[in-house]
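Asker:
Chains as they are written, first to last, in our numbering: chain A, 1171 to 1390; chain L, 1171 to 1390.
Encoded structure:
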């Protein structure tokens, strides 16, 4: 059995944060397909009881230390504390990383995720007013991230930390899944995505997680 | 000069988390009015430069240790680590508290806040489809919180922690500001709000923070 298992699915930028972290730190891990959009037992009350009461991916299972953790921000914190990798150095940097992780979860990928879900995967498409609302909120938050990345190569200074891994969330998915190009609209984010992509162990969400949703998988 | 200052305003449940924490731990603190809805200099680029690049309240200034922190989750973590109060006991509980804090920021108060803003304070009222979207997301997340609070008196077990203080966010504001009654729709949340209210030092957002927005302030 591998050291870690990650409940995840290819469409989830939230789950991607966990998958990317595990790959970047060179962990011995295996994805477990969480069929969020399907009719599989994962969405039943029993799944909520036994795996995650919040009903969300990702969920990390640490088979060695017998732990089960959900919320990507928790998983990132746990793995960086455990391994020392991508860990912000010192208390101030740790708080600064947490600041960006919460901002990301609430306002960046927190709005991009529902937008992309409603655009691509929902049983009925999102109402145009809802789509405009979510896009507006996400773009405003992305502008704040862009401004930060004009000043420092990574969110918390010169080195990549878990805050950067969190922020990648939905940002490597193809532009046509959004209808706008995040990297072009926010050039400093585009450059930073390139720096993150160059890290040893980096992988695309469609390569790291099972369940590519659009037929045969393109080269990414 | 007081030990702490908190940039806040009465309408902000996000800022309330910081104000409530400071009051519950018996801190020497003063609110600084952040005129978020006004035309005051706080919303200018200069304010973003000098106080908070994210343009949000709350911001905590620690005058003794010379620190300036934003994001309520960061402020709560900082103050509980510093004082030992409302601090989750042990690493597992700390991660569990972080799990609820991120869930709250993204899905509970993260959707309630914009809903209440669009209903009460926005220059033009929110589109009905947007209001329905935000309410639906918030109610689904509140149901998950309610289920947890049917099982334990506080979010992380038997004692209140920073996760509970975070979760109170917008939940003490009057039901007519939402058009639905959260405590009645989710009875375990209602009971928990009563337990939180009984803590020494508890205060209502309209009492702890300046700038009551609806004319003369009612008894709360």
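C-beta: ideal position from N, C-alpha, C; glycine also.
Taking C-beta to C-beta, are residue 1229/L and residue 1177/L nearer than 7 Å?
Answerer: Within the second chain, residue 1229/L is the residue found at index 59, counting from 1. Within the second chain, residue 1177/L is the residue found at index 7, counting from 1. Yes, they are a contact pair.
Asker: Using a Cβ-Cβ cutoff of 7 Å, what residues of the region 1239-1267 of chain A are near chain L? List them in chain order.
Answerer: 1239, 1240, 1241, 1243, 1244, 1247, 1248 and 1265
Asker: Would residue 1359/L count as contacting chain A if we go by Cβ distances under 7 Å?
Answerer: Within the second chain, numbered from 1, the residue matching residue 1359/L stands at position 189. Output row for residue 1359/L: interface = no.
Asker: Flag this pair as yes or no: are the beta carbons of residue 1279/A and residue 1183/A separated by less than 7 Å?
Answerer: Against the first chain, residue 1279/A aligns to sequence position 109. Against the first chain, residue 1183/A aligns to sequence position 13. Cβ distance < 7 Å, so residue 1279/A and residue 1183/A count as in contact.
Asker: Grab me the residues of residue 1288/A's own chain with a C-beta within less than 8 Å of its C-beta, minus the 5 sequence neighbours each way, in chain order.
Answerer: On the first chain, position 118 is the one that residue 1288/A refers to. Only 1295, 1296, 1300, 1301 and 1304 meet the Cβ criterion.
Asker: Residue 1355/L: which of 1341/L, 1218/L, 1365/L and 1330/L sits nearest, CA to CA?
Answerer: Within the second chain, the letter at position 185 stands for residue 1355/L. Per the Cα distances, 1341/L.
Asker: Have a look at 1363/L, 1326/L, 1193/L and 1282/L and flag the residue whose alpha-carbon is nearest the alpha-carbon of residue 1310/L.
Answerer: Counted from its first residue, the second chain places residue 1310/L at position 140. Of the candidates 1363/L, 1326/L, 1193/L and 1282/L, the residue whose Cα lies closest to the Cα of residue 1310/L is 1282/L.
Asker: Do residue 1217/L and residue 1381/L have their beta-carbon atoms positioned less than 7 Å apart in this structure?
Answerer: Within the second chain, the letter at position 211 stands for residue 1381/L. Within the second chain, the letter at position 47 stands for residue 1217/L. Result no, Cβ atoms of residue 1381/L and residue 1217/L do not sit closer than 7 Å.
Asker: Would you say the region 1330-1341 of chain A touches the region 1318-1333 of chain L, given that touching needs at least three Cβ pairs under 8 Å?
Answerer: no
Asker: Closer than 9 Å between beta carbons: that is the criterion. Which residues of the region 1294-1306 of chain L meet it against chain A?
Answerer: 1296, 1297, 1298, 1299, 1300, 1302, 1303 and 1304
Asker: Just confirm the distance between the C-beta atoms of residue 1337/A and residue 1274/A, as a whole number of angstroms; I'd bet it's less than 8 Å.
Answerer: Working through the first chain from its first residue, we reach residue 1337/A at position 167. Working through the first chain from its first residue, we reach residue 1274/A at position 104. Contact holds; Cβ gap of about 5 Å.
Asker: Given that residue 1223/A touches chain L, what residues does it touch there, using C-beta distances under 8 Å?
Answerer: Position 53 of the first chain, counting from 1, holds the residue named residue 1223/A. Residues of chain L passing the Cβ test: 1314, 1317 and 1318.
Asker: Of all the CB atoms in chain L, is at least one closer than 7 Å to the CB of residue 1273/A?
Answerer: Within the first chain, numbered from 1, the residue matching residue 1273/A stands at position 103. At least one chain L Cβ lies under 7 Å of residue 1273/A.
Asker: Helix, strand or coil: how does DSSP classify residue 1230/A here?
Answerer: The residue given as residue 1230/A occupies position 60 in the first chain. In this structure, residue 1230/A counts as strand in the three-state DSSP scheme.
Asker: Under 9 Å Cβ-Cβ, which residues of chain A neighbour residue 1280/L?
Answerer: Within the second chain, residue 1280/L is the residue found at index 110, counting from 1. Neighbours of residue 1280/L on chain A, chain order: 1275, 1276, 1277 and 1280.
Asker: Measure the C-alpha to C-alpha separation of residue 1249/A and residue 1241/A and round it to an integer number of angstroms.
Answerer: Position 79 of the first chain holds residue 1249/A. Position 71 of the first chain holds residue 1241/A. Rounded to the nearest whole angstrom, the CA to CA distance from residue 1249/A to residue 1241/A is 13 Å.
Asker: Distance check for residue 1206/A and residue 1192/A, CA to CA, integer angstroms please.
Answerer: As a first step, residue 1192/A is located in the first chain; it is residue number 22 there, counting from the start. As a first step, residue 1206/A is located in the first chain; it is residue number 36 there, counting from the start. Approximately 21 Å between the Cα atoms of the pair.
Asker: Flag residue 1187/L as yes if its beta-carbon sits less than 7 Å from any beta-carbon of chain A, otherwise no.
Answerer: Position 17 of the second chain, counted from the first residue, corresponds to residue 1187/L. Residue 1187/L is outside the set of residues whose beta carbon lies under 7 Å from a beta carbon in chain A.
Asker: Short check: CB of residue 1271/L to CB of residue 1243/L, under 7 Å?
Answerer: Taking the second chain and counting its residues from 1, one reaches residue 1271/L at position 101. Taking the second chain and counting its residues from 1, one reaches residue 1243/L at position 73. Against a cut-off of 7 Å, the Cβ pair of residue 1243/L and residue 1271/L comes out as a contact.
Asker: Taking only beta-carbon atoms, is residue 1269/A less than 7 Å away from chain L?
Answerer: Position 99 of the first chain holds residue 1269/A. With 7 Å as the cut-off, residue 1269/A counts as an interface residue toward chain L.
Asker: Going by beta-carbon coordinates alone, are residue 1175/L and residue 1200/L separated by less than 7 Å?
Answerer: As a first step, residue 1175/L is located in the second chain; it is residue number 5 there, counting from the start. As a first step, residue 1200/L is located in the second chain; it is residue number 30 there, counting from the start. In this structure, residue 1200/L lies closer than 7 Å to residue 1175/L by Cβ.
Asker: For a quick check, are the C-beta atoms of residue 1391/L and residue 1198/L less than 7 Å apart?
Answerer: The question about residue 1391/L has no answer here: the residues shown for chain L are numbered 1171 through 1390.
Asker: Mind pulling the alpha helix (DSSP H) runs of 4 or more residues that sit fully within the region 1204-1290 of chain A?
Answerer: Inside the region 1204-1290 of chain A, DSSP marks whole alpha helix (DSSP H) runs of 4 or more residues at positions 1215-1220, 1242-1253, 1261-1273 and 1279-1290, from first to last along the chain.
Asker: I'd like to confirm the pairing. Which residues does DSSP put opposite residue 1324/L in its beta bridges?
Answerer: Working through the second chain from its first residue, we reach residue 1324/L at position 154. BP columns for residue 1324/L point to 1327/L.
Asker: What residue does the beta strand (DSSP E) around residue 1176/L start on, and which one ends it?
Answerer: Taking the first residue of the second chain as position 1, residue 1176/L is located at position 6. That run of the beta strand (DSSP E) goes 1174-1178.
Asker: Go ahead and pull the three-state DSSP assignment for residue 1387/L.
Answerer: For the purposes of this step, residue 1387/L is taken as residue 217 along the second chain, with counting starting at 1. Reduced to three states, the DSSP call for residue 1387/L is coil.
Asker: Under a Cβ-count criterion, where at least 16 other Cβ atoms within 10 Å of its own Cβ denotes burial, should residue 1339/A be classed as buried or exposed?
Answerer: The count along the first chain starts at 1 and reaches residue 1339/A at position 169. Its Cβ being crowded by 16 or more others within 10 Å, residue 1339/A is buried.
Asker: Whole angstroms are fine: how far does the CA of residue 1365/A sit from the CA of residue 1351/A?
Answerer: Here residue 1351/A is taken as the residue at index 181 of the first chain, counted from 1. Here residue 1365/A is taken as the residue at index 195 of the first chain, counted from 1. Between the alpha carbons of residue 1351/A and residue 1365/A lies a gap of roughly 18 Å.
Asker: Measuring only the C-alpha atoms, how far is residue 1349/L from residue 1378/A?
Answerer: Position 179 of the second chain, counting from 1, holds the residue named residue 1349/L. Position 208 of the first chain, counting from 1, holds the residue named residue 1378/A. Using only the alpha carbons, I get a separation of about 44 Å.
Asker: If you draw a straight line from the alpha carbon of residue 1253/L to that of residue 1195/A, how long is it in whole angstroms?
Answerer: On the second chain, residue 1253/L is found 83 positions in, with the first residue counted as 1. On the first chain, residue 1195/A is found 25 positions in, with the first residue counted as 1. Cα to Cα, residue 1253/L sits roughly 34 Å from residue 1195/A.
Asker: If you drop the 5 nearest sequence neighbours on each side, which residues of the same chain put their C-beta closer than 6 Å to that of residue 1238/L?
Answerer: As a working note, residue 1238/L is residue 68 in the second chain. Only 1231 meet the Cβ criterion.
Asker: Out of curiosity, what's the CA-to-CA distance linking residue 1257/L and residue 1345/L?
Answerer: Position 87 of the second chain holds residue 1257/L. Position 175 of the second chain holds residue 1345/L. Spanning the two alpha carbons is a distance of roughly 30 Å.
Asker: DSSP puts residue 1201/A in a beta bridge; with which residues?
Answerer: Counted from its first residue, the first chain places residue 1201/A at position 31. Paired residue(s): 1176/A.
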